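Peer 1: Counting from 1, position 87 in the sequence shown corresponds to residue 90 in the numbering used here; the numbering is continuous, with no gaps. All residues carry an ideal CB built from backbone N, CA and C; glycine is no exception. As the structure is a computational prediction, the values presented were derived from the model and not from experiment.
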Amino acid sequence: MKPDGDFEGLLKSPLFVSRVVSIVIDEAHCLTDWGDFRPEYRELGRLRYILPSNVPLLVTSATLTKAALSDVTRLLHIRADKLVVIRRSSDRPNIKIGVRKIRYALSSYADLVFLIPAGFKVGDPPPQKFLIFFDNIPESINTACSLCRRLPPELRAKIKWFNADMSTTYKEAELENLVSGDIHRTVGETWGLCTTASFGMGMDVADIFLVIQWRATCKIAALWQRFGRAVRNQELTGTALLLAEKQYFDDEQEAKAARKTRRE
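1. Please classify S92 as buried or exposed, where buried requires at least 16 neighbouring CB atoms within 10 angstroms.
2. If I'm right that I215 touches I135 with Cβ under 8 angstroms, what's the distance once you round it to whole angstroms?
3. So, helix, strand or coil for K132, using DSSP?
4. How far does the alpha helix (DSSP H) with E264 in it extend, from its first residue to its last?
5. Return yes when the Cβ of A219 is within less than 7 angstroms of the Cβ of F230, no when it is not.
6. Quick one: is V125 buried, meaning 16 or more other Cβ sit within 10 Å of its Cβ, or exposed?
7. Below 7 angstroms between beta carbons: does that hold for S64 and H32?
8. Who are G290's beta bridge partners in DSSP?
9. Quick one, are the C-beta atoms of G203 and I98 less than 7 angstroms apart?
10. Please work out which residues of its chain come closer than 6 angstroms, Cβ to Cβ, to I144, disregarding the five sequence neighbours upstream and downstream, and give them in chain order.
11. Going by the beta-carbon positions, is the gap between E255 and K249 smaller than 7 angstroms?
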């Protein structure tokens, strides 16, 4: 949707426009969440001026908050008197949600070693398929390397990192490797990925049993999107786990306040 781009030229074709029955924008939260580094998303509002006013617009998202909805309606030039909002629950009853305090140094990634037990050897049962989400690339790479070091050399390719710096070919291959495991025993080419938000939109893997968010560094809507990657097969049960820094827990805040009071 770049101004004067090829797609805009197509939309100016009377024959093409006469066959447009609607505009559908999925994952609409990305207009606000990703608009800063994908500025073309914010150009979607130009459609309202290019296409006839009687072409309906459908906007969908599992995590469109009130604030995000307000932003989206502004960006897409949707009049309040023409807006119809349909809300459905985003509850996923087959996902158990937990929160755990990070107890060790962040740079050690020791709170994640439960994924690969000490002394793991060839022939041991593999971990269930997992994703660990990070909000910066270096942490995802460092964690993958740390977990790989707990595996025998011949198994170290089972855990990999996945981010926007990877080529499309690599990401497609790694997605296939993750999908390829047996749905019950998870014995595919890849056991788990240490990923950024790159593993999100359009990813529909049926049997990811564990999704972890490393650190409380993302918005709640982004967290819900990531947790939603777990067990897309509704007949399975999975776990979504937030590993958060100590300072966000009540007991830590109370202890800090008590120490401050004693010093005074």
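Peer 2: Judging by the given coordinates:
1. exposed
2. 5 angstroms
3. coil
4. Here the sequence assigns Thr to residue 264, which means Glu is not the residue at that position. First-last of the alpha helix (DSSP H) with T264: D253 to R266.
5. no
6. exposed
7. yes
8. Only positions 4 to 267 of the chain appear in the structure, and residue 290 is not among them; the question remains open.
9. no
10. W164
11. yes
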